[in-house]
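Right under this line is the structure:
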């Protein structure tokens, strides 16, 4: 799978705090010249290494959000994960994968993820999140 840098929301973004953290980048679905196809996939996964915490009890919640305001002042949640336990958050684990077209009737101009650790701060944890035009599986 090829990832276009312009469609990356999180690139090995460190997620360790118990406060909501927005993805590093926001995707502007309405940018002039941007042609986001309906068959695109939105993917969010654990990058590089497993999440870890001092008490081995960190959890993670992830939300895919959209808004007409780039500052996300009135964001709409398109999808919210279950609370994911540390044992689940291993390198390469796919947290979310869906066709962008699944949200056609709800999409606004901007798209991002937010991440929040629970139970404890993580000592390690990174996320990749992006849109791909074609998702290949082995």
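Residue numbers (this note's numbering): 113 to 250. Every residue gets a Cβ at the ideal spot worked out from N, C-alpha and C, and that includes glycine. Nothing here was measured: the structure is a model prediction, and the numbers come from that model.
Residue j beta carbon less than 8 Å from that of residue i
{"i": "residue 114", "j": "residue 156", "result": "no"}
{"i": "residue 133", "j": "residue 228", "result": "yes"}
{"i": "residue 230", "j": "residue 171", "result": "yes"}
Simplified DSSP assignment, three categories, for residue i
{"i": "residue 197", "result": "strand"}
{"i": "residue 245", "result": "coil"}
{"i": "residue 119", "result": "helix"}
{"i": "residue 214", "result": "helix"}
Status (buried if at least 16 other CB within 10 Å, exposed otherwise) for residue i
{"i": "residue 159", "result": "buried"}
{"i": "residue 202", "result": "exposed"}
{"i": "residue 234", "result": "buried"}
{"i": "residue 187", "result": "buried"}
{"i": "residue 165", "result": "buried"}
Nearest-angstrom beta carbon gap, residue j and residue i [assumed within contact, 8 Å]
{"i": "residue 178", "j": "residue 218", "result": "7 Å"}
{"i": "residue 240", "j": "residue 122", "result": "6 Å"}
{"i": "residue 154", "j": "residue 208", "result": "7 Å"}
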